[in-house]
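Colleague:
Numbering (the numbering used here), first residue to last: 14 to 72.
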């Protein structure tokens with residue numbers, strides 16, 4: 014919003030800030046996924062499967 018609604022003085026600053034946020038987010042996701050693979054984490058560790066009972070006991 015600052016890039017589009019800010020004045021002409023703020024255009025350069027807000028563009029640099031936006032580029033930094035995008036680059037930082039991308040690099041954080043890239044690095045964290047590599048670290049997770051180094052630790053041996055899989056999708057089952059992050060999202061465990063819930064086992065459901067075959068039948069509920071009805072009173």
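No residue lacks a Cβ here, since even glycine has one placed at the ideal position from N, Cα and C.
Quick one: grab the DSSP three-state call for residue 24.
Modeller: Residue 24: helix per DSSP, three-state reduction.
Colleague: Find out if the Cβ-Cβ distance for the pair residue 27, residue 37 is shorter than 9 Å.
Modeller: No, the Cβ-Cβ distance between residue 27 and residue 37 is not below 9 Å.
Colleague: Work out the CA separation of residue 32 and residue 45 for me, nearest whole Å.
Modeller: C-alpha separation (whole angstroms): 20 Å.
Colleague: Near residue 35, what residues of its chain come up, given a Cβ to Cβ distance below 7 Å and the 5 sequence neighbours on each side ignored?
Modeller: Excluding sequence neighbours, residue 35 sits near nothing in its chain.
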